[in-house]
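Engineer: Provided herewith is a single structure, encoded as structure tokens, for subsequent inquiry.
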Amino acid sequence: MGWLDRFTGVKKPPDPSDLWKKCPKCGEVLLKKDLERNFFLCAKCDNHLRMPVWDRIALLTDDNSFVEIDQDMESADPLSFVDSAPYSERLQKAVQNTDSFEAVICGEAHLDGKPLLLGVMNFDFMGGSMGSVVGEKLTRLFERALQFRFPVVCVSASGGARMQEGIFSLMQMAKTSQAVVLLNKAAIPFVSVLTDPTTGGVSASFASLGDVNIAEPEALIGFAGPRVIEQTIRQKLPGGFQRSEFLLQHGMIDMVVHRRQLKATIGHILQLLSSSNPAL
Amino acid sequence: MGWLDRFTGVKKPPDPSDLWKKCPKCGEVLLKKDLERNFFLCAKCDNHLRMPVWDRIALLTDDNSFVEIDQDMESADPLSFVDSAPYSERLQKAVQNTDSFEAVICGEAHLDGKPLLLGVMNFDFMGGSMGSVVGEKLTRLFERALQFRFPVVCVSASGGARMQEGIFSLMQMAKTSQAVVLLNKAAIPFVSVLTDPTTGGVSASFASLGDVNIAEPEALIGFAGPRVIEQTIRQKLPGGFQRSEFLLQHGMIDMVVHRRQLKATIGHILQLLSSSNPAL
Amino acid sequence: MTREFDFERPIVELEKRLNDLRALSEDGQIDLSKEIKAIDDKIGIMKAEIFRTLEPWQVIQIARNIDRPSTLDYVKILFEDSFLELHGDRLFGDDPAMVTGFARIGNHLVAVIGHQKGHDTEENLYRNFGMPHPEGYRKALRIMKMAERFRKPVIVFIDTPGAFPGIGAEERGQSEAIARNLCEMSRISVPILCFVIGEGGSGGALAIGIGDKIFMLEYSIYSVITSEGCAAILWKDASRSKEAAGALRIRAQDLLEFGVIDRVLPEPIGGAHRDPAAAAATIKAAILDTLPTLLEVAPDDLLAIRYAKFRGMGRYKIERDADNVE
Amino acid sequence: MTREFDFERPIVELEKRLNDLRALSEDGQIDLSKEIKAIDDKIGIMKAEIFRTLEPWQVIQIARNIDRPSTLDYVKILFEDSFLELHGDRLFGDDPAMVTGFARIGNHLVAVIGHQKGHDTEENLYRNFGMPHPEGYRKALRIMKMAERFRKPVIVFIDTPGAFPGIGAEERGQSEAIARNLCEMSRISVPILCFVIGEGGSGGALAIGIGDKIFMLEYSIYSVITSEGCAAILWKDASRSKEAAGALRIRAQDLLEFGVIDRVLPEPIGGAHRDPAAAAATIKAAILDTLPTLLEVAPDDLLAIRYAKFRGMGRYKIERDADNVE
Ligand SMILES: [Zn+2]
Ligand SMILES: [Zn+2]
């Protein structure tokens, strides 16, 4: 499925070779088609499994309202980076495996009948890492929000920066964050939804800067990865460390919201922050 | 000595019946006249004893440059407050004992040849408590600073609010703090000097709001008094708790400055924050 | 079941007897309806009399009553399902003693801020008896600044014994947090309505109390210090707190006289906890009365008027004309 | 005594021999001045050649060298006695890994912000090896906002392995602190000059690195991740960090080519630690060169230009014209 198909909003069919998945929390074996129907929640323990990007878009938008933008933007390889494989090959493979050109899908959609701009990161695409394209697409999304005065919702899932793009990837933190300030100044609501996992350069830039920060239950959210911290301080981390509930307690997020309530909650927020008079 | 004498800047002569003082830290017996010459520092342990208000003014200003303002403002007794004695009597006694009408002396002076507005609280006057007059005099000081674009220095020493003035005393926190914001907005430097003790409503209003907050060594500074905290949490407080060095460590003050360096440091700050080009 | 105050006991006794009579009467053995009505009327008169002549220390009991509605009780009634709570100061923590969020009332979208007490021991431990730490004040400030950006008026509910006096609170700058809020609230360029609904405890209350209109419920209090604290310091005897309560002039009526608040909101007889919906209706009316006018004031004017309001608080005299109290 | 690098060893050997010869010559037994001069020249040429062709991993060694001047070393030289350090974030603590204050340079009053490393173990423990906690970033932000109010340009020195990855740092919102600074620095309406003087370690460096001009000392580095970290993740082998160092393009010259920085400042041969005064002189010249022009730009324009600067960073292509890398 190329970008042209995705442009029409067609959903990717499930891969028949991969029919079930084990819940990483309780070990329950779950049929993928059941999972899909159940919003990728474990039927046994209600664990929030990672949600594929198109399912996420469907979850958060009115039916058939999503129109993708900037879908034809692809990563360059400015460093001609090669580790065990060239970056260009890794990119190709990611494009093939995910049917996305990059680790974020952006678009315009409706929620409760009102327009909004939505960016959803794709953890399956190179760990949701933020390189030039992710930074550029999100920045364009923010700037479009500014232009049309539409609210923005970003759903993050990322291991951090795209190392293969070196310093360019670091600079996306600056680029996206400074665009968020323009939204702030213009009083355009920005809701940041942090899903499992959101760490590194994404957590330390736009994703922490929502007017309202929402996390899904038990998502790993933090600046440094837990392994890096354990290696640095040479001790084991306490249970629940860097999980959504921990962040709530430490004042970094506004609420932990169950996936089933996510759309309604975002709708509620956008209604309360809207500039129009509410319906009586 | 009435306000007319003080208006001329004449210093109060030492009381002959009270020639020595014991250092509360090391127990050394110190002659008052030696203390006065030594900036009220203990000759043995360098402890910063409480400094009388006129000595403080002399310490921080160029010779004979201080001109008092609003010296004829006196407390009213809006609640007709009586505890073991009427408030009006307590006030009279305080006026007699301190030769001040109130717990703060305000004025215009020079420091390093440049004009500044100075407010110095007098702990001897009813524990430096802030009632309507203290609040009004400081607010006038801030507003005068705004008018003439002179920097402001406040030296605090206060147990908190003037209970005998009830809600009026509480409202001085709001009155003084909102005046400080006007200074901030106008980029007029405000240096807050916290001396032993500065607690309660003074600590929780203008005194914490300096562009630069300076404390004298080992001064007690905090919101709640140590006894109240001990009674509330039912445990003894750690050593050094709520002392200047503790506040520095906890990010609440910019520096702990020895009394001998105080004038030079304030001069340095005002020079660095001044809008004029520095001398080459 | 709400608990009763000492001074209500005579009424409560009478009410018990009356209920016994009613039971008898309903059994049909004997018709006592006339007598019952007469007694009921007398009780009404007694009640009104008692609550009309409450001593300050009795008002304190009502203001502090564990059954008295706190912020979230009013929030539920006033904003129904529209209230959305937001958490955290984005710096250190989320303080359950301070509740913040956004909501709708009538035609208005508003921000909501308030101290939160508990109604039982467990809840009070969680809410720290309504005594915020610095993170509570900083959360409130964050929400107020957000309200300002989105041009939403702010509704404030004040109900605290005071800011918490503890080690962590001092370490994290309780003084700074309160002072900062006093500053910043004076410059939040949207209308701010403050309601003292229970205890207005000193700096910890004032730290969210800088507004364009300040209302007090009839049996709420607002004081620079607790009467116990005042008695301990000035009388050197905490047990003389009743005297201190009188001397401090902490009742809504006193503050109205002093010009420190704008209006006293009458409570149902017996206090707001006897009929929270009635108390909430009074608050709602005050909000809907006041907001439209304030919303028409230009932001700069709003700030200038707010500055002038607090600028004028205080009583002093100039020695040269000692007779002219300014 | 400054320590030597592996790649300097041949020179150091030669220099030792030369010193022996000099001693002999000065004894007067035999005149070797001509030979000494010849050897000295050769050493100079060798040195220049070595430092001209340094591998990236060798540059990393210089950038991280414990003797390399850190912020306060330059502060002392650049600002002499005029520097006044200010402390604390007014929220939680004072972070010794971040130094802030005000100072004078030439005709300018400026704010100063910088990471601070130590030059020995004790100092490094105190400075946490230049790795700030959230309170460090929040202190820096406080001082920048103060600088903005007082219309003082900000001089930033970047020298950190990265923001500290620890429990307290995460608890207090390391992510939030960095993100907030990125936001706020983009709107500080006074000129900001950033100097990467040693290690520019990832988000922890960038968090004080949003400026109008970005300079790098010749042997400093600026990277999205440490070469060790990168090797561990991408090569699954931390020992292959030399390869990662090369692949990441972290040298000043690389960043200049990429258009991410504005200028490379040459260092004395052997590195800034061989002659801190010379390195400082280069920094001073850059400040005095750049500031007057920036000070003439209207604040709104300054912000617009700064926005555009970072807005333009990134390389990507649009599929429909795959050949046109934007
Ligand atoms: Zn499960
Ligand atoms: Zn002593």
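In the order they appear, the protein sequences are chains A, B, C and D. Take 1 as the starting number for the first sequence in the numbering used here and just add one per residue. Take 1001 as the starting number for the second sequence in the numbering used here and just add one per residue. Take 2001 as the starting number for the third sequence in the numbering used here and just add one per residue. Take 3001 as the starting number for the fourth sequence in the numbering used here and just add one per residue. Even for Gly, the Cβ is constructed at its ideal location relative to N, Cα and C.
(1) Classify D:Arg3068 as helix, strand or coil using the three-state DSSP reduction.
(2) Mind checking if D:Gln3058 is an interface residue toward chain A, Cβ cutoff 8 angstroms exclusive?
(3) Going along the region 237-249 of chain A in order, which residues come within less than 7 angstroms of chain C, judged by CB to CB distance?
(4) Could you tell me the distance, in whole angstroms, from the CA atom of A:Asp254 to the CA atom of D:Asp3289?
(5) Cβ of B:Lys1025 within 7 angstroms of any heavy atom in ligand 2?
(6) Could you check what DSSP says for C:Asp2323 in three-state terms: helix, strand or coil?
(7) Cβ of A:Glu28 within 7 angstroms of any heavy atom in ligand 1?
(8) Please classify A:His250: does DSSP put it in a helix, a strand, or coil?
(9) Under 7 angstroms, CB to CB, which of the residues in the region 3198-3220 of chain D have a partner in chain A?
(10) My understanding is that A:Ser177 touches D:Tyr3316, with C-beta atoms under 8 angstroms, so please give their C-beta distance in whole angstroms.
(11) So if I threshold CB-CB distances at 7 angstroms, which residues from the region 3088-3108 of chain D count as touching chain C?
(12) Helix, strand or coil: which one does DSSP assign to D:Arg3127?
(13) Given a cut-off of 8 angstroms, decide if A:Ser203 and A:Phe190 are closer than it, judged by their beta-carbon atoms.
(14) Given a cut-off of 8 angstroms on the beta-carbon distance, is the pair C:Pro2132 and C:Gly2204 in contact?
(15) Helix, strand or coil for B:Asn1047, going by three-state DSSP, please let me know.
(16) What does the alpha-carbon distance come out to for the pair D:Asn3019 and D:Ile3030?
(17) Go to C:Asp2041, then tell me how far its alpha helix (DSSP H) extends in each direction, as first and last residue.
(18) For D:Asp2973, tell me which candidate among D:Arg3138, D:Ala3244, D:Pro3056 and D:Ile3318 has the shortest Cα-Cα distance.
(19) Using a Cβ-Cβ cut-off of 8 angstroms, state whether B:Glu1108 counts as contacting chain C.
(20) Taking the straight line between their C-alpha atoms, what separation do you get for D:Ile3060 and D:Ile3066?
(21) Taking the alpha carbon of A:Leu209 as the reference point, which residue from C:Ile2036, C:Lys2016 and C:Leu2091 has its own alpha carbon closest?
(22) Work out the CA separation of C:Ile2305 and D:Ser3189 for me, nearest whole Å.
(23) Judging by CA-CA distance, which residue of C:Gln2058, C:Phe2157 and C:Leu2109 is the nearest neighbour of C:Ala2097?
(24) Return helix, strand or coil for C:Ile2214, following the three-state DSSP convention.
(25) For C:Ile2194, which beta-bridge partners are listed by DSSP?
(26) Between D:Arg3149 and chain B, is the shortest Cβ-Cβ distance under 8 angstroms, so that the two count as touching?
(27) Taking buried to mean at least 16 other C-beta atoms within 10 Å of its own C-beta, is D:Tyr3126 buried or exposed?
(28) Cβ-heavy atom distance between B:Cys1042 and ligand 2 below 7 angstroms?
(29) If contacts are defined as beta-carbon pairs under 8 angstroms, then C:Thr2071 and C:His2115 qualify, I think. What distance do you get, rounded to the angstrom?
(30) Determine the direct distance from the alpha carbon of D:Lys3037 to that of D:Gly3028, and round the result to whole angstroms.
(31) Mind checking if D:Gly3168 is an interface residue toward chain C, Cβ cutoff 8 angstroms exclusive?
(32) At what residues does the beta strand (DSSP E) containing B:Lys1093 begin and finish?
(33) In whole angstroms, what is the alpha-carbon distance linking C:Val2224 and A:Ile269?
(34) DSSP puts A:His110 in a beta bridge; with which residues?
(35) To which residues does DSSP link B:Gly1222 through a beta bridge?
(36) Under the assumption that A:Thr297 contacts A:Lys175 (Cβ atoms under 8 angstroms), give the Cβ distance between them as a whole number of angstroms.
Structural biologist: Reading it off the structure:
(1) Residue 3068 of chain D sits at position 68 when you count from the first residue of the fourth sequence. D:Arg3068: coil per DSSP, three-state reduction.
(2) By 1-based counting over the fourth sequence, the position of residue 3058 of chain D is 58. Cβ-Cβ to chain A under 8 angstroms: no for D:Gln3058.
(3) Within the region 237-249 of chain A, the residues whose Cβ lies closer than 7 angstroms to some Cβ of chain C are Leu248 and Gln249, listed in chain order.
(4) If you number the first sequence from 1, residue 254 of chain A lands on position 254. If you number the fourth sequence from 1, residue 3289 of chain D lands on position 289. Using only the alpha carbons, I get a separation of about 46 angstroms.
(5) Reading the second sequence from its first residue, position 25 is the one you call residue 1025 of chain B. Within the cutoff, so yes.
(6) Looking up residue 2323 of chain C in the third sequence gives position 323. Confidence at C:Asp2323 is low in this model, with a pLDDT of 48, below 50, so the placement of that residue should be treated as unreliable; the coordinate-derived value is given next. DSSP places C:Asp2323 in coil when its eight states are reduced to three.
(7) In the first sequence, residue 28 of chain A corresponds to position 28, counting from 1. At least one heavy atom of ligand 1 is nearer than 7 angstroms to the Cβ of A:Glu28, so yes.
(8) As a first step, residue 250 of chain A is located in the first sequence; it is residue number 250 there, counting from the start. The answer is coil: DSSP assigns A:His250 none of H, G, I, E or B.
(9) Ser3202, Gly3203, Leu3206 and Ile3210
(10) Position 177 of the first sequence, counted from the start, is the residue given in the question as residue 177 of chain A. Position 316 of the fourth sequence, counted from the start, is the residue given in the question as residue 3316 of chain D. That pair is no contact at about 19 angstroms.
(11) Arg3090, Leu3091 and Phe3092
(12) On the fourth sequence, position 127 is the one that residue 3127 of chain D refers to. Reduced to three states, the DSSP call for D:Arg3127 is helix.
(13) In the first sequence, counting from the first residue as 1, residue 190 of chain A sits at position 190. In the first sequence, counting from the first residue as 1, residue 203 of chain A sits at position 203. The answer is no: Cβ separation not under 8 angstroms.
(14) Mapped onto the third sequence, residue 2132 of chain C falls at position 132. Mapped onto the third sequence, residue 2204 of chain C falls at position 204. Going by C-beta atoms, C:Pro2132 is nearer than 8 angstroms to C:Gly2204.
(15) For the purposes of this step, residue 1047 of chain B is taken as the residue at position 47 of the second sequence. Note: B:Asn1047 maps to coil in three-state DSSP.
(16) By one-based count along the fourth sequence, residue 3019 of chain D stands at place 19. By one-based count along the fourth sequence, residue 3030 of chain D stands at place 30. Near 15 angstroms, if we compare the C-alpha coordinates of D:Ile3030 and D:Asn3019.
(17) Indexing the third sequence from 1 puts residue 2041 of chain C at position 41. Its alpha helix (DSSP H) spans residues Ser2033 to Arg2052.
(18) Because residue 2973 of chain D is not part of the residues shown, which for chain D are 3001 to 3326, the question remains open.
(19) Translated into positions along the second sequence, residue 1108 of chain B becomes position 108. No, B:Glu1108 lies away from the interface with chain C (no Cβ there is under 8 angstroms from its Cβ).
(20) Taking the fourth sequence and counting its residues from 1, one reaches residue 3060 of chain D at position 60. Taking the fourth sequence and counting its residues from 1, one reaches residue 3066 of chain D at position 66. In a straight line, the C-alpha of D:Ile3060 is about 12 angstroms away from that of D:Ile3066.
(21) The residue given as residue 209 of chain A occupies position 209 in the first sequence. Of the candidates C:Ile2036, C:Lys2016 and C:Leu2091, the one whose C-alpha sits nearest the C-alpha of A:Leu209 is C:Leu2091.
(22) Start at 1 with the first residue of the fourth sequence, and residue 3189 of chain D comes out as number 189. Start at 1 with the first residue of the third sequence, and residue 2305 of chain C comes out as number 305. Roughly 29 angstroms separates the two Cα atoms.
(23) Against the third sequence, residue 2097 of chain C aligns to sequence position 97. Measuring from the Cα of C:Ala2097, the nearest candidate turns out to be C:Phe2157.
(24) By 1-based counting over the third sequence, the position of residue 2214 of chain C is 214. C:Ile2214 carries a strand assignment under DSSP once its states are collapsed to helix, strand and coil.
(25) On the third sequence, residue 2194 of chain C is found 194 positions in, with the first residue counted as 1. According to the sequence provided, residue 2194 of chain C is Cys. The question's Ile does not apply to it. C:Val2156 and C:Ile2214.
(26) The sequence position of residue 3149 of chain D within the fourth sequence is 149, counting from 1. Output row for D:Arg3149: interface = yes.
(27) Here residue 3126 of chain D corresponds to residue number 126 of the fourth sequence, with the count starting at 1. The residue is exposed, with fewer than 16 neighbouring Cβ atoms inside 10 Å.
(28) Looking up residue 1042 of chain B in the second sequence gives position 42. Flag set: Cβ of B:Cys1042 near ligand 2.
(29) The count along the third sequence starts at 1 and reaches residue 2071 of chain C at position 71. The count along the third sequence starts at 1 and reaches residue 2115 of chain C at position 115. That pair is a contact at about 6 angstroms.
(30) In the fourth sequence, residue 3028 of chain D corresponds to position 28, counting from 1. In the fourth sequence, residue 3037 of chain D corresponds to position 37, counting from 1. So the alpha carbons of these two residues sit roughly 16 angstroms apart.
(31) The sequence position of residue 3168 of chain D within the fourth sequence is 168, counting from 1. Answer no: the Cβ-Cβ gap between D:Gly3168 and chain C never drops below 8 angstroms.
(32) The residue given as residue 1093 of chain B occupies position 93 in the second sequence. Note, B:Lys1093: premise wrong, no beta strand (DSSP E); alpha helix (DSSP H) at Tyr1087 to Thr1098.
(33) Taking the third sequence and counting its residues from 1, the one referred to as residue 2224 of chain C is at position 224. Taking the first sequence and counting its residues from 1, the one referred to as residue 269 of chain A is at position 269. Their Cα atoms are separated by approximately 37 angstroms.
(34) If you number the first sequence from 1, residue 110 of chain A lands on position 110. Answer is A:Pro115, bridged to A:His110.
(35) The residue labelled residue 1222 of chain B in the question sits at position 222 within the second sequence. For B:Gly1222, which the question treats as bridged, DSSP gives the partners B:Thr1199.
(36) With chain A covering 1 to 280 only, the question about residue 297 of chain A has no answer from this structure.
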